[in-house]
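First the structure, in the form of structure tokens, and then the observations on it.
2 protein chains.
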Amino acid sequence: MSKTKDLAIGLDLGGTKVLAAIISEKGKIISEFESKTDTNQDVSKVIIKTINQLLVKSKVDVNRLLGIGVASAGVIDSSKKEILYANNLNIENFPIGDILLKEFLLPVKLCNDANAAAIAEWVWGVGRGKNNLVYVTVSTGVGAGIIIDGNLLKGAKDSAGEFGHTTIIHNGKPCECGNIGCLEKYASGTAIKKLANDRLQSGEVSILSELLHSEKEVANNHIAFAAKEGDLFSIKLLNEIGNYLGIGVVNLIHLFNTEVVVFGGGVMNMSDYILPSVKKYIKEHGIKQMTEDVIIEKTKLGKSAGIMGASGLFFAGEREKTSLTT
Amino acid sequence: MSKTKDLAIGLDLGGTKVLAAIISEKGKIISEFESKTDTNQDVSKVIIKTINQLLVKSKVDVNRLLGIGVASAGVIDSSKKEILYANNLNIENFPIGDILLKEFLLPVKLCNDANAAAIAEWVWGVGRGKNNLVYVTVSTGVGAGIIIDGNLLKGAKDSAGEFGHTTIIHNGKPCECGNIGCLEKYASGTAIKKLANDRLQSGEVSILSELLHSEKEVANNHIAFAAKEGDLFSIKLLNEIGNYLGIGVVNLIHLFNTEVVVFGGGVMNMSDYILPSVKKYIKEHGIKQMTEDVIIEKTKLGKSAGIMGASGLFFAGEREKTSLTT
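Chains as they are written, first to last, in the numbering used here: chain A, -8 to 317; chain B, -8 to 317.
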């Protein structure tokens, strides 16, 4: 007697880590495993090792697995199951589908990491019950997953939602993508760290200044800590990041006339100092009739949104129907 | 015996004129009539007079009319049939649906002017056969109508596509909408005229300079003429407008991953000097995989796009099915 296939692997391929999990069709995370990545490593080896370690750790019968859902950073082709371009991972035309199929003999589905999170937020999170939602991820880079009238916006080549590569500053900083003045150059985790270190180097006053005597550079968790301690340098910097995100989000609302904007990604551990600025910027600059009712919130699913949305590629239909009592 | 209802009125309510037409379900323009508007007039009176004059001119039996489709500038509510906000027309919460129903006893449908043009371009124009299209109108203001996977993007309140009110310049010029650095402040017909006159006043050299002795200010048709005469001042200015539009269009392509961008609106009578700059900007700044195949073209329907799309609200389904041999 064949067993029911009631589980799927969700793989979240980010700029700094690979997160893999086995998730049930009710949305429960059965088991998860995380590996670090850097651009010098062979990404496919890291991914395969991570999934193998997950399977060992979980002791799940592989016959219960529907497949492997992958949420990846960058520009993807979901029909070819290839990652076309992901500067944070230093890969190009990466055949993730073929690699995983060959290694694990399981069906593979692929989507953008932000699209995965948008699906998860729309079905289980902040956007539950709404038809229009934008999920904005702020981590190593900046991206967006967009739900329009209950459908995921994929675009002609499954590459819609490159929010981080929209210009907010005319003649601004050049970006690795080829564009200039991209939001990602001003409001990503990478940008926050660079901005903080540049300002500290130029002599601005902060409780972080002393740290630079012992550390080569300040990291974002230091900035988060300093902001909580009331460090004006850090709080002002994070408010500025909120303003930059505000420009982008007003643009999104004016283009999409959405109902919900959910923020996720590693940088949102500093949301207390960023989101109020975002909301203030929207209130002061948005067209009132289009912005006044928009829900602006931090993710409730946190770092699980990517793996949940990725696994959800295998039972999204089911999930929409269930009462989702997870 | 009741006659077949095979015609609809299409009304295009713009910043400087009201264009009304009677259009057949095959897309043929039976008759049209145009009136000028300005912000000091009673807009509803101008509209009613225009439609009455159209009906008189066309001699069409009103029993053949399905209704009045309205394409309007600004932010609209298609379910309430109200124009909520249109700064170019100086109106707010304008109940166009009630006004026309009361006057003509015909069903009324309302959509954004750019949405109407997008429908027309998608069904009959540049985007025929494609599933994803953005129509960008550059006239008094700048707007967009967006087709995603064969559906019009309406948004939560039918107000999606406010492309002219997306910020492209951080800390840029304040806009009437409340936002700052809006594309519309840099690349609309209004912006072109202002930029040209400011530069001429400051003494820049142009064949237009002489005109300022006899005229109070230079108009856009003067600039169009001068560009055709090889005036470097005018050509450079229009190239710059193309660059501004390029910033916005790269943002659109990165967000929507669209297949076609169609340009329309009065300013496109200068498209020879604007669109090459737009295309160059996109080539130089867009993510290659997302931009290389995108069709960038001027409208083929011209100023009829608004009235055709507006009337199309009454027989869009038919039009999609027909071979559209107009």
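From the three backbone atoms N, C-alpha and C, an ideal C-beta is built for every residue, glycine too.
Residues bridged to residue i [DSSP beta-bridge criterion]
i: residue 77/B; result: 82/B
i: residue 158/B; result: 173/B
i: residue 1/A; result: 12/A and 60/A
i: residue 103/B; result: 63/B
i: residue 68/A; result: 73/A
i: residue 251/A; result: 124/A and 286/A
i: residue 197/B; result: Answer is none; residue 197/B lacks a bridge partner.
i: residue 208/B; result: Its beta-bridge partners do not exist; DSSP assigns none.
i: residue 24/B; result: 11/B
i: residue 165/B; result: 171/B
Within chain B, the residues that residue i reaches when beta carbons sit closer than 8 Å
i: residue 78/A; result: Correct list: empty, because the minimum Cβ distance to chain B is about 10 Å.
i: residue 245/A; result: 153, 154, 156, 157 and 170
i: residue 136/A; result: Near residue 136/A there are no residues of chain B at all, since even the closest Cβ is about 11 Å away, more than 8 Å.
i: residue 286/A; result: Correct list: empty, because the minimum Cβ distance to chain B is about 11 Å.
Where residue i meets chain B, residues with beta-carbon distance less than 9 Å
i: residue 72/A; result: Within chain B, no residue comes near residue 72/A; the closest Cβ sits about 15 Å away, beyond 9 Å.
Inter-residue CB distance, residue i and residue j (contact presumed, cutoff 8 Å)
i: residue 151/A; j: residue 126/A; result: Between residue 126/A and residue 151/A the Cβ distance is about 12 Å, and since that is not below 8 Å, they are no contact.
i: residue 171/A; j: residue 276/B; result: 6 Å
i: residue 87/B; j: residue 101/B; result: 6 Å
i: residue 103/A; j: residue 63/A; result: 7 Å
i: residue 299/B; j: residue 111/B; result: 4 Å
i: residue 260/A; j: residue 215/A; result: 6 Å
i: residue 183/A; j: residue 211/A; result: 6 Å
i: residue 17/A; j: residue 280/B; result: At roughly 37 Å, the Cβ-Cβ gap does not stay under 8 Å, so residue 17/A and residue 280/B are not in contact.
i: residue 283/B; j: residue 278/A; result: About 33 Å separates the two Cβ atoms, so there is no contact after all.
i: residue 305/A; j: residue 57/A; result: 4 Å
i: residue 177/B; j: residue 272/B; result: Contact doesn't hold; Cβ gap of about 13 Å is too wide.
i: residue 65/A; j: residue 80/A; result: 7 Å
Local Cβ density within 10 Å of residue i, reported as buried at 16 or more and exposed below that
i: residue 30/B; result: exposed
i: residue 70/A; result: exposed
i: residue -2/A; result: buried
i: residue 310/A; result: With a pLDDT of only 36 at residue 310/A, under 50, the local geometry of the prediction cannot be trusted, and the value read off the model is given with reservation. So residue 310/A counts as buried.
i: residue -5/B; result: exposed
i: residue 317/B; result: Note on residue 317/B: pLDDT 27, under 50, position unreliable in the model; the coordinate value appears next. Exposed: under 16 other Cβ atoms inside 10 Å.
i: residue 223/A; result: exposed
i: residue 226/A; result: buried
i: residue 4/A; result: buried
i: residue 123/A; result: buried
i: residue 286/B; result: exposed
i: residue 2/A; result: buried
i: residue 193/B; result: exposed
i: residue 120/A; result: exposed
i: residue 208/A; result: exposed
i: residue 196/B; result: exposed
i: residue 206/B; result: exposed
i: residue 343/A; result: Past the boundaries of the shown model lies residue 343/A; chain A is included only from -8 to 317, so the question cannot be answered.
i: residue 19/A; result: exposed
i: residue 47/A; result: exposed
i: residue 221/B; result: exposed
i: residue 162/B; result: exposed
i: residue 167/A; result: exposed
i: residue 201/A; result: exposed
i: residue 72/B; result: buried
i: residue 294/A; result: buried
i: residue 248/B; result: buried
i: residue 53/B; result: exposed
Closer than 9 Å at the beta carbon, the chain A residues around residue i
i: residue 150/B; result: 245, 248, 278, 280 and 281
Interface partners of residue i on chain A, CB under 8 Å
i: residue 66/B; result: 278, 280 and 281
i: residue 75/B; result: 280
Neighbour list for residue i in chain E, Cβ cutoff strictly below 8 Å
i: residue 191/A; result: Note that chain E does not occur in the displayed structure, where the protein chains are A and B.
Partner residues on chain B for residue i, Cβ-Cβ distance less than 7 Å
i: residue 238/A; result: 158 and 161
i: residue 241/A; result: 158 and 170
i: residue 123/A; result: 146 and 147
i: residue 139/A; result: 139 and 144
beta-carbon residue i near the ligand HEM non-hydrogen atom, thresh 8 Å
i: residue 48/B; result: Among the ligands in the structure shown, none appear at all, so the ligand HEM cannot be discussed.
Could you name each continuous beta strand (DSSP E) segment of 3 residues or more that falls completely within the stretch 110 to 153 of chain A, going from the start of the chain to the end?
124 to 129 and 133 to 139
Return the chain-ordered ranges of every beta strand (DSSP E) run that is complete within the stretch 265 to 303 of chain A and spans a minimum of 3 residues.
286 to 289
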